[in-house]
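Protein chains in written order, with my numbering: chain A, 102 to 290; chain B, 131 to 743.
A short write-up of the structure that comes next.
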Amino acid sequence: MRGTSLLLACVLLAITFPASPQSATKSPLDLEGRPADPFRLAGSKLVVFLFLRTDCPISNRYAPTIQDLSNRYSEHASFFLVYPIASEIPEQIRKHLQDYGYHLPALRDPDLVLARESHVSITPEAAVFSPDKKLLYHGRIDDWYVDFGRARREPTTHELTAALDNAIAHKPVSTTDAPAVGCFIPGLT
Amino acid sequence: MNHAKYSLAAGVFLGIFALASVPHAAQQKQASALSDKSSAQRVTFNRDIAPVVYRYCAPCHRPGEAAPFSLLTYQDTRKFADQIAFITEKRIMPPWLPSSGEPKLSGELRLTGEQIALFREWVKQGAPQGYPADLPPAPHFTPGWQLGPPDAILHAQKPYALPAQGTDNYWNFIFRTNFPETRWIRAIEIRPGEKRVVHHANMFVDRLHSSRDQEQHPGDGFPGMELRIESESFDPDSHFFFWKPGSIPHEEPEGMAFRLDPGDDLVLNVHLQPSGKPETVQPTIGLYFTDHPATKFPFLLELQNDRALDIPPNDADFEVNDDFTLPTEVQLLAIYPHAHYIGRELSATVTYPDGTLKNLIHIPHWDLNWQAVYYYEDPLVLPAGTRISMHYIYDNSTANIANPFHPPQRIKGGNRTTDEMAHLWLQVLPHGDALPPDQARLLLQEAMARHDVTRDPADFSAQYNLAAVLQAKGDSPEALQHFQAAVQLRPNDAIANNAFGAVLLALGNPAEATAPLLRAVQSKPDYAAAHYNLGNAYASQGNFSPAIAEFAEAARLNPQDSMSEANLGAAFAEAGNLDEAQKHLERALQLDPQNTLASNNLDEVKRRRASPQ
């Protein structure tokens, strides 16, 4: 009898541990403050993270491009907007989504879990994952911006779409050497 | 449960992360070692960074201003510490194009190498706050109108809807003024509306309403990067009205107020950049009056060589020059270099009569987005015989990221955003005792106009301007040649035809004047001055019936003009209609009791009515 009750207690512990707010593992959050799992939401599609901050003029200028790309690839890829600045509260982010005409799921990444897994350091920067969570691409969306405050009239190379096209065609995805241009994500050291 | 599954995956990612190079972490380690060694060189926000941020960043980086986030506190600044160190090192911020040196430009926003190093060191040390006692007082900014409540506020009639995406956008707003009498303006504050999308704004006075026909409906505004404002004569006062982020309105010095006549239009040219969301832009301008009419009349010298702009694709080093020699001594007050997107390096120099060379401005890395009008801290005296030189270099290769074409294409001079320009405006004030200011101005105008005509005889504006200045000087025969040249270049230009007709009239040739004046009113039916001149041409040939029609139209279009009424009265008198003649002559005298022509004619009409023959 004793043995049985001990076993039960163990099982209980194992179940309750992950839900504990003191969890050692951090997670991205949805705008309701709940832990979010973009891979489960994406199912068998590619997962694309676009890292943004509400006050970065460069990532803001990309809003129509990001929304267009997400529409274009909706059959094969699930796009998520990721806000890695801990102080940007859900209310601010909701307003940002509305102002910039986004119709995409938004995640907060206050502990920079996704930013680190995606190897990004800039807003806007993109990361593409396979459905089985393999990082296929991270880097700039295109070469529109060459430096802070220095933009081309139009981009001439499109790294994110190239990565997506290759991933969809099951071809190798080459990562760009060119760094993303935009606002730094603080706290990544 | 989902959470548990996810965190397991995170463990796998971390393995990849460890393999990647992480420059941030490496830098940080080095920095902490350095700060341990040299605590005496500790850099803190309160002592070292705040004074720089308050002076150079906060004017734009604060709520309601053009920059995207605030930099007013330690917390604000710390959030962007890395970024600030990075972009100050690259001299992207604060935005200031000219290189340092003489002569000094006012409002210079240029950090010293020392200040830039401070930011880098502060970040290396972990961006510490420091002692509260070290913090300087927060900067004080005047809320609202920078020069206090304006004497008049004008609103753009309709907002412009800027789309969320696309390339740079240029929109022009017309402010129709309607003051009952001439106002003298000592300052204009331009409030461009949504400052975060406005790169710069430039305002022009349009006394002839020459921009109005570009609006589809009155008040709509109209697109276009460059404006062509027509004027009948040289404006006696030429001022810059320029706004860029963070700029404080320029208040004209004593005696240099600018004249705004009743009905003048003010046209605001605004350079906009889509922000990612739809924006509406509806500028407002505040006018500050003075009771003191202008006593000093600055003049805008324009060096330019758009004609030389024919830049082959992939030419990274295309040079364009223009030179102008001053016929009289001037004081140089301000300078405005202007090119479009493929300008690379813009400079201007002067060569004094003794051969000494002096730099006026040097912009090593031109960026259209940060163009500005620059005022000199102390005006420069440039004696007669000084040669002003403009030297611009263009880069039409792919290395120039601002290149509007990819791959590069041949680019020529023009007004569209994809065309190029090579212009340099200098605001000067005639100076020295050799000549009275009026004559000095005429000399400058004539020299400028001859310079333009010599460079390009097919330049309509150059021909027109030279003709106008010759006419002002009283040299009608030579003026006639150049008005004729202007009319040949633009056969339907209302203003040139009117001026051509007017000179023919002045030279006593009303028969030849009729055709150009008719073209003027056909091209621009609401052109009161052309109707008036045409009335004179008919009347001088004894054709009083069409003269009456033209004077009546001039008076209808410009109901405050005493001369139209006076001539209408005179034409009626000549045609034998004394009742109508008296009516209009009396009206002319109501409008201007000093109109001696009207009073003499009225006496004559009354005499004739008293003793009909």
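Beta carbons are placed, not taken as given, at the ideal position from N, Cα and C, and that holds for glycine.
Remember, predicted model here, so these are calculated numbers, not experimental data.
Item: Excluding five sequence neighbours on each side, which residues of the same chain lie with their C-beta closer than 8 Å to the C-beta of B:Glu576?; Value: Pro457, Leu596, Val599, Leu600, Lys603
Item: In the structure shown, what three-state DSSP assignment does B:Met386 receive?; Value: coil
Item: For my contact list, B:Pro383 and B:Val400 are in at a C-beta cut-off of 8 Å; report their separation, rounded to the angstrom.; Value: B:Pro383 to B:Val400, Cβ: 27 Å. No contact.
Item: Rounding to the nearest angstrom, what Cα-Cα distance links B:Ala632 and B:Asp508 in this structure?; Value: 43 Å
Item: I'd like to know if B:Ile541 contacts chain A, where contact means its C-beta is closer than 8 Å to some C-beta of that chain.; Value: no
Item: Where does A:Arg217 fall in DSSP's three states?; Value: helix
Item: Between B:Ile491 and B:Pro467, which are expected to be in contact by the criterion C-beta below 8 Å, what is the C-beta distance as a whole number of angstroms?; Value: 6 Å
Item: Should B:Leu164 go down as buried or exposed, given a rule of 16 or more other Cβ atoms within 10 Å for buried?; Value: Bear in mind that a pLDDT of 39 at B:Leu164, under 50, signals an unreliable position, so the number given afterwards is only what the model happens to contain. The residue is exposed, with fewer than 16 neighbouring Cβ atoms inside 10 Å.
Item: In whole angstroms, what separates the C-alpha of B:Ser741 from that of B:Pro676?; Value: 28 Å
Item: Where does the unbroken beta strand (DSSP E) through B:Asn622 begin, and where does it stop?; Value: First-last for B:Asn622: undefined, no H or E at that position.
Item: According to the Cβ coordinates, are B:Phe305 and B:Leu398 closer than 8 Å?; Value: yes
Item: Would B:Leu721 pass as a contact of B:Gly699 if the rule is Cβ separation under 8 Å?; Value: no
Item: Would you call the segment 425–439 of chain B and the segment 282–302 of chain B in contact, with 3 or more CB pairs under 8 Å?; Value: no
Item: Please confirm whether any heavy atom of the ligand SAM lies closer than 7 Å to the CB of A:Leu182.; Value: Looking at this structure, you won't find the ligand SAM or any other ligand, since it has none at all.
Item: For the segment 269–293 of chain B, which residues have a CB atom closer than 9 Å to at least one CB atom of chain A, in sequence order?; Value: Pro293
Item: Which residues mark the beginning and the end of the beta strand (DSSP E) in which B:Trp301 is found?; Value: 299–306
Item: Output, in chain order, the set of chain A residues within a Cβ distance shorter than 9 Å of B:Thr297.; Value: Arg254, Glu255
Item: If you follow the beta strand (DSSP E) that A:Arg141 is part of, which residue opens it and which one closes it?; Value: Unbroken run through A:Arg141 is the alpha helix (DSSP H), 139–143; no beta strand (DSSP E).
Item: Roughly how many angstroms separate the alpha carbons of B:Val152 and A:Glu218, rounded to a whole number?; Value: Only weak support exists for where B:Val152 lies, its pLDDT of 31 falling under 50; the value from the coordinates is given anyway. Between B:Val152 and A:Glu218, the C-alpha separation is close to 13 Å.
Item: Once DSSP output is grouped into helix, strand and coil, what is the label at B:Val617?; Value: helix
Item: Between the beta-carbon of B:Ile222 and the beta-carbon of A:Asp243, is there less than 8 Å?; Value: no
Item: Less than 8 Å between CB atoms is the rule here; does A:Asp131 satisfy it with respect to chain B?; Value: no
Item: Of all the CB atoms in chain B, is at least one closer than 8 Å to the CB of A:Tyr201?; Value: yes
Item: When the Cα of A:Val148 is compared with those of A:Phe140, A:Arg154, A:Ala264, which residue comes out closest?; Value: A:Phe140
Item: So if I threshold CB-CB distances at 9 Å, which residues from the segment 376–410 of chain B count as touching chain A?; Value: Gln403, Pro404, Ser405, Gly406, Lys407, Pro408
Item: Which same chain residues end up closer than 7 Å to B:Arg389 when comparing Cβ atoms and leaving out the 5 residues on each side of it in sequence?; Value: Thr312, Trp314, Asp367, Ala424
Item: Return yes when the Cβ of B:Ser377 is within less than 8 Å of the Cβ of B:Val327, no when it is not.; Value: no
Item: Give the residues from the segment 231–249 of chain A that approach chain B closer than 8 Å (Cβ to any Cβ), ordered along the chain.; Value: Lys234, Leu236, Val247, Asp248, Phe249
Item: If you drop the 5 nearest sequence neighbours on each side, which residues of the same chain put their C-beta closer than 6 Å to that of B:Glu680?; Value: His661, Leu664, Gly665
Item: At the 8 Å Cβ level, is A:Phe152 part of the contact set with chain B, yes or no?; Value: no
Item: Any idea what DSSP makes of A:Val229, helix, strand or coil?; Value: strand
Item: What do you get for B:Ala588, buried or exposed, if any count of 16 or more other CB atoms within 10 angstroms of its CB means buried?; Value: exposed
Item: Kindly say whether A:Phe181, judged by its beta-carbon, lies nearer than 8 Å to any beta-carbon of chain B.; Value: no
Item: One question on the structure: do B:Pro198 and A:Pro158 come within less than 8 Å of each other, judged by their Cβ atoms?; Value: yes
Item: Specify the secondary structure class of B:Ala163 as computed by DSSP and reduced to three states.; Value: Residue placement at B:Ala163 is poorly supported in this model, since its pLDDT is 36, which falls under 50; the coordinates are not used for a value here.
Item: So that I know if they touch, is there some Cβ in chain B lying closer than 8 Å to that of A:Asp156?; Value: yes
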